[in-house]
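Numbering-wise, full-length UniProt numbering puts 7 at position 7 of the sequence shown, and it's gapless, one number per residue. Ideal placement from N, C-alpha and C gives every residue a C-beta, glycine not left out. These numbers were taken from a predicted model, which means no experiment stands behind them.
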Amino acid sequence: RSMSGHLCAALLVCLLLRDWRQAAASDPHDVQDKAASQVKRRLSPQSTAEIQSCLLGSGDVGCGTFQCFTNNSCEIQGLHHICLTLLHNAGRYDSQGKSFVKDALRCMALGLRQRFSCVSRRCSAVREMVHSLQRECYSKHQLCLALRDHMDTMGGLIQFHLMFPPGPYVELMNFLLKCGEEERRWVGWRLRGQCEQHWGMLCTSLGCPLNTTTVPSPAP
């Protein structure tokens with residue numbers, strides 16, 4: 001069985017265990033109603049208005065644009081933290097690394113402002129817009145090259161506990177895991193260490209996560 005299979009199985013079991021515990025403490029009818037509402041979930045009118053107002057007042061520099069998505073009914077979390085982590089370490093990068101941080105964050109900020117007003121309010125569509133923009137900007141501005149040259153300073157991007165619920169952090173991890181063999185091992189090693197800090201022997205017994213090639217993404 002491949003290492004990527006180990007990670008997928010481990011994380012899916014972990015998620016199932018968490019969901020089972022939540023379901024066990026709930027009324028069966030409440031669980032069914034919640035499941036039905038999740039399938040049809042859309043960005044609420046209040047969240048939509050708040051995000052649009054925030055985007056209008058945000059600029060190209062800094063993390064203001066990403067903070068607009070911090071609290072929303074679709075539970076799209078992590079963009080602001082990723083931005084803050086990159087900016088916090090920017091002073092330790094060389095000129096190429098600094099250029100990546102500036103250009104990639106600006107690419108994301110511009111894309112969010114331009115595309116949010118056009119995307120459907122279904123949570124799955126909003127998530128896919130965000131994830132597609134991540135892949136586009138990370139690739140265009142060579143995140144893999146920046147990681148390769150700054151592994152010692154980019155460790156803060158690897159945050160296992162922020163991968164739940166799946167969202168921008170899972171998309172970031174999937175991108176990093178495809179950067180190359182050395183980068184894949186480095187990301188997998190850090191993820192496993194953090195997994196064991198949170199869940200102890202459960203991660204070790206399930207092989208979660210080590211030398212991986214992909215992290216399960218959220219279902220549409």
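Using 10 angstroms around the beta-carbon of Gln197, count the other beta-carbons present and answer buried if the total reaches 16, otherwise exposed.
It is exposed - the Cβ of Gln197 has fewer than 16 other Cβ atoms within 10 Å.
When the Cβ atoms of the stretch 183-194 are set against those of the stretch 94-105, are three or more pairs found closer than 8 Å?
No, they do not touch.
Determine the DSSP secondary structure at Arg41, reduced to helix, strand or coil.
Arg41: coil per DSSP, three-state reduction.
So, is Asn71 buried or exposed, given that buried needs 16 or more other C-beta atoms within 10 angstroms?
So Asn71 counts as exposed.
Short Cβ contact (8 Å threshold) for Gln147 with Leu176
Looking at the sequence itself, residue 147 is Leu, so the reference to Gln does not match. A contact, by the Cβ cut-off of 8 Å.
I'd like to know whether the C-beta atoms of Gly97 and His161 end up nearer to each other than 8 Å.
Not a contact, by the Cβ cut-off of 8 Å.
Buried or exposed for Leu56, please, with buried defined as at least 16 other CB atoms from any protein chain shown within 10 angstroms of its CB.
Of the residues assessed, Leu56 falls on the exposed side of the cut-off, its CB having fewer than 16 other CB atoms within 10 angstroms.
Quick check: is any heavy atom of the ligand PLP less than 7 Å from the C-beta of Tyr93?
This structure lacks the ligand PLP, and indeed carries no ligand of any kind.
When you compare the CB positions of Cys54 and Cys68, do they come within less than 8 Å of one another, or not?
It is a contact, given that the beta carbons lie within the stated cut-off.
Taking the alpha-carbon positions, what's the Lys178 to Ser139 distance?
Here the C-alpha atom of Lys178 lies approximately 11 Å from the C-alpha atom of Ser139.
With 16 as the cutoff for other CB atoms within 10 Å, does Pro45 come out buried or exposed?
That one is exposed.
What residue does the alpha helix (DSSP H) around Cys137 start on, and which one ends it?
Cys137: member of the alpha helix (DSSP H) spanning Cys123 to Lys140, first to last residue.
Would you report the Cα separation of Ala24 and Phe164, rounded to the nearest angstrom?
Unreliable placement is indicated for Ala24, whose pLDDT of 46 sits below 50; no coordinate value is reported for it.
Take the Cβ of Arg114 as the centre, count every other Cβ of all protein chains shown within 10 Å, and call the residue buried at 16 or more, exposed below.
Residue identity check: residue 114 is Gln in the sequence provided, not Arg. So Gln114 ends up on the exposed side.
Can you find the residues in the same chain that come closer than 6 Å, C-beta to C-beta, to Leu112, ignoring five residues on each side of it along the sequence?
Thr65.
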